[in-house]
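Chains as they are written, first to last, in my numbering: chain E, 1 to 410; chain D, 411 to 828.
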């Protein structure tokens, strides 16, 4: 009987507390924000800091306006995000807000783990149309609110190389000359090189389940051959994941890596003024095809009315031009999704490189959609790329295997 | 630490959600039902299975209703599973009481089963309310040159606990093997097991501290400080501890042995690291004797299986009786008494002539010192009865009051005058 009393005594004040202030117009209460982290590497304090940096800035500014609001954040792996949210939702402990990749937001809505958002026309008008397009779901709703964009860039040590190589050929030439180049076998980190070698269309076609034309197949084989040749160069280091590349540059083992803008704060801290940032090299068959990570706020389905109000207010707040401009200029590691951020705020070399990267990434919107982060086909592609890079598979044999691995699941 | 407290406090508003409250109410109802059942069948032999059945039925019913209402129920299911596991463990422990001694049931319950169940519940709840990997990164401060976070501290506590709880049986196994391999007959397996266990715990602790990044110099300094502290502050405890280890290692005192303590015979029940537990036959009392006692004083000890005890009675006999007859009689009386070892014949001696008569000593063997008092009494009783029957006097102190004769003069003086 005592135990039952304890449970009742615990739940009663919580019920009363949760009922307090419902009539007040002042926003108050606690909302839970779940943030997804890409990659499979173990979570470290540095990665945690990197992933919550923007969210913290938004929350701190929001709490200045609404001091009675608290936002609790949780981090989950992007690949396990859906399962984690489903598990918590089943216990009634699901998050109120989720800061995730655009593709994850779509899956969340499809799995009834998040609700679609109907944005007012005025707010919708402020948001970058490309980002909106990536989040559209039937019934003219959105899978979430696009908050920020993290483009892919070239990061290098300026004390080792003055400027980033402009082409893939120059990159390999400079590697032969002693430049330590790092590449990750994670397909999302490596996909930028598909465009310069003419393999991007082949990958998109294979992921969409379309048969490949002869020139597309040749492009795919060329890309795989380039990867194989790159690894035979003693100065090109093939790493298992993006985090290893970042660590390599921080430890000065590597001089040049493809990086995500989210890594820039950490790299700046480690390398100081030696850090160089540029757009990625182009090639004989076209410009680079980087992948821009769109970060989206999706809304949970298990929130109370008060938590829902807090979540929606925070989401709308994070879209306003002032906070978007502050986020962009303070950390120089993201691009805003609000079109009305003053152009003066974007007038730095790093942000310009990011803007170029975002334009180049328009070509990869299809791949982001067809091959979302955490998709099992993504892992299969990474395994094949590793096999080619380490000479276990020839580029010719791997071409067919890549096409099969990318075929959409029935 | 503030970050950790802040994080934990952040879980509370989550528990105020209506869906969560409904689940907690279902669990509360299950607990109430369980307790009502426990009260109703408090004296029944099969109370625990009935309580378990009540939990399962009520829990299943509650979760079923939640499922029909399409409400979340994972939290209720988790808590009810925990309650049912607790009841199952109690059921198993009740069964285990038939073949496990009581002093092993309690550690099993409080050191192994319940901590594991509570740990599992906590682990799963944390995973529902937060992210373990993220929680583990919350810094607790810089200790001994290492940046310690919640994950490090949890690892340290869990590893130490597991080492302490689970290293016992494997250590005894290793000790048994060592004893067999090196033919160490006199060394107790338990003593070697303890040595192995402490070595494993020490190495495990050092390894965990090393992986966390504790400065080994600082750890050594603390170990040095502790040694000084042990030398001054708790030297008695430490002395008893070392004595206990030594006794175990030497094998000079083992459970089942009989020792004489202050003239009383006691059986060794349990040899602890600080103190030894003895059972005194005289008053059925259990004595806790610090181990150092056995080092500082000489102790009469009878090992297990060699408790044959030679005891004696003394008596005085009328000196006019022939000595040879008395000696034969005494030996015959003792040998005929049940409990006196027949294969080791009793022996009687005359010691001399004392105040009361001729002093005799009768020595005889008995199976256990614990029978000494009873058998000595029985022998004396037999001797007295036999001697009385034979008309042999057992002298005892006599008080002779002699009244001096009254003088005639005085008698006259006392006569009243006419």
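Even glycine gets a Cβ: it sits at the ideal position worked out from N, Cα and C.
Since the structure is predicted, the reported quantities are computational estimates derived from the model, not experimental observations.
Annotated three-state conformation of residue 584 of chain D is helix, per DSSP. Sixteen is the threshold: since fewer than 16 other Cβ atoms of the shown chains lie within 10 Å of the Cβ of residue 612 of chain D, the residue is exposed. Burial is judged here by how many other beta carbons sit within 10 angstroms of a residue's own beta carbon; residue 478 of chain D has fewer than 16 and is exposed.
In terms of beta-carbon proximity, residue 652 of chain D stays away from the interface with chain E, with every pair separated by 8 Å or more.
Residue burial annotation: residue 475 of chain D is exposed, with fewer than 16 other C-beta atoms found within 10 angstroms of its C-beta.
A distance below 7 Å between beta-carbons, with the five flanking residues on each side excluded, links residue 767 of chain D to the following residues of its chain, in chain order: 726, 727, 728, 729 and 805.
Residue-level contact by beta carbon fails for residue 513 of chain D and chain E, as no gap is shorter than 8 Å.
Distances from the CA of residue 152 of chain E to each of E:141, E:386 and E:355 were compared; the closest alpha carbon is that of E:355. Taking residue 378 of chain E as reference, the option from E:393, E:398 and E:406 with the minimal CA-CA separation is E:406. Straight-line measurement puts the Cα of residue 269 of chain E at about 44 Å from the Cα of residue 215 of chain E. Take the alpha-carbon of residue 282 of chain E and the one of residue 68 of chain E: they are about 50 Å apart. Using beta-carbon distances, residue 247 of chain E does not count as an interface residue toward chain D, since no partner is under 8 Å. Counting only Cβ-Cβ distances below 9 Å, residue 89 of chain E has contacts in chain D at 482 and 484, in chain order. Taking the Cα positions, residue 468 of chain D is about 55 Å away from residue 640 of chain D. Residue 207 of chain E places its beta carbon 8 Å or farther from that of residue 410 of chain E. By the neighbour-count criterion, in which a residue is buried when 16 or more other Cβ atoms sit within 10 angstroms of its Cβ, residue 483 of chain D is buried. For residue 544 of chain D, the residues of chain E that pass the 7 Å Cβ criterion are 43, 48, 74 and 75, in the order they occur in the chain. For the pair residue 699 of chain D and residue 600 of chain D, the Cα-to-Cα distance works out to about 19 Å.
Contact of residue 540 of chain D with chain E by beta-carbon distance below 9 Å involves 72 and 74.
Residue 44 of chain E sits in coil when the DSSP states are folded into three classes, being neither helix nor strand. Setting aside the 5 residues that flank it on each side, residue 93 of chain E has no residue in the same chain whose C-beta is closer than 6 Å to its C-beta.
The Cβ of residue 420 of chain D sits closer than 8 Å to at least one Cβ of chain E. DSSP places residue 761 of chain D within a strand segment (E or B) once states are collapsed to three.
A residue is called buried when at least 16 other Cβ atoms come within 10 angstroms of its Cβ; residue 808 of chain D does not meet this threshold and is exposed. Comparing alpha carbon positions, the residue from D:509, D:443, D:704 and D:458 closest to residue 471 of chain D is D:443.
The way I'd put it, the region 51-63 of chain E doesn't touch the region 113-122 of chain E; fewer than three beta-carbon pairs between them come closer than 8 Å. Residues of chain D whose Cβ lies closer than 9 Å to the Cβ of residue 301 of chain E do not exist, since the nearest Cβ in that chain is about 11 Å away. When the beta-carbon positions are compared, residue 624 of chain D and residue 561 of chain D stay at least 8 Å from each other. When 8 Å is used as the limit between beta carbons, residue 430 of chain D is near these residues of chain E: 91, 92 and 93, in chain order. Burial is judged here by how many other beta carbons sit within 10 angstroms of a residue's own beta carbon; residue 125 of chain E has fewer than 16 and is exposed.
The beta carbon of residue 212 of chain E sits closer than 8 Å to those of 202, 205, 206, 220 and 403, all from its chain and outside the five residues before and after it, given in chain order. In chain order, 185 place their CB closer than 7 Å to the CB of residue 386 of chain E, counting only its own chain and leaving out the 5 sequence neighbours on each side. Among the residues facing chain D, residue 29 of chain E is included, as its CB has a counterpart in that chain under 8 Å away.
Within the DSSP bridge table, the entry for residue 98 of chain E names E:34 and E:298 as partners. Taking 7 Å as the cut-off between beta carbons, the residues of the region 304-326 of chain E near chain D are 304, in sequence order.
Between residue 176 of chain E and residue 235 of chain E the beta-carbon gap is near 7 Å, inside 8 Å, which marks them as a contact.
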